[in-house]
Amino acid sequence: MAKYSVVDKGECIACGSCGSSAPEIFEYDGEGLAENIFEGDGNQGVKAIPEDLEEYLAEAAESCPTECIKVADTPFN
Ligand code: SF4
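For the sequence shown, the numbering used here begins at -10 and goes up steadily by one.
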């Protein structure tokens, strides 16, 4: 099943971990805060992340020190 993800940027501490775990999904804005850029998601959590990337998404979410990477089975909005 596809997943959806958003970063709660208010909690992100710009540690740089998620982009290493899942570079296809997470990039950083000008302040170093992470956001979901997968297929132009714009950190809205609306683009389906396919199963072949779920392992990397899970690794990113589990290793985030502030637990600000949200993952769900349905779109966020
Ligand atoms: S792992 Fe978490 S705290 Fe670190 S850059 Fe990514 S979203 Fe931000």
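Glycine included, every Cβ here is placed at the ideal spot set by N, Cα and C.
- GLU43 sits in a helix when the DSSP states are folded into three classes.
- In this structure, ALA47 is the residue among THR63, ALA61, ALA47 with its C-alpha nearest to the C-alpha of GLY8.
- Under the three-state reduction of DSSP output, ALA(-9) falls in the coil class, being neither helix nor strand.
- Listed in chain order, the non-local C-beta contacts of ASN66 below 8 Å within the same chain comprise GLN33, GLY34, VAL35, local neighbours out to five positions each way being set aside.
- In the DSSP annotation of this structure, ASN32 is not part of any beta strand (DSSP E), being labelled neither H nor E.
- Residue side-chain check: SER6 places its Cβ nearer than 8 Å to a non-hydrogen atom of the ligand SF4.
- At least one heavy atom of the ligand SF4 sits closer than 8 Å to the Cβ of TYR17.
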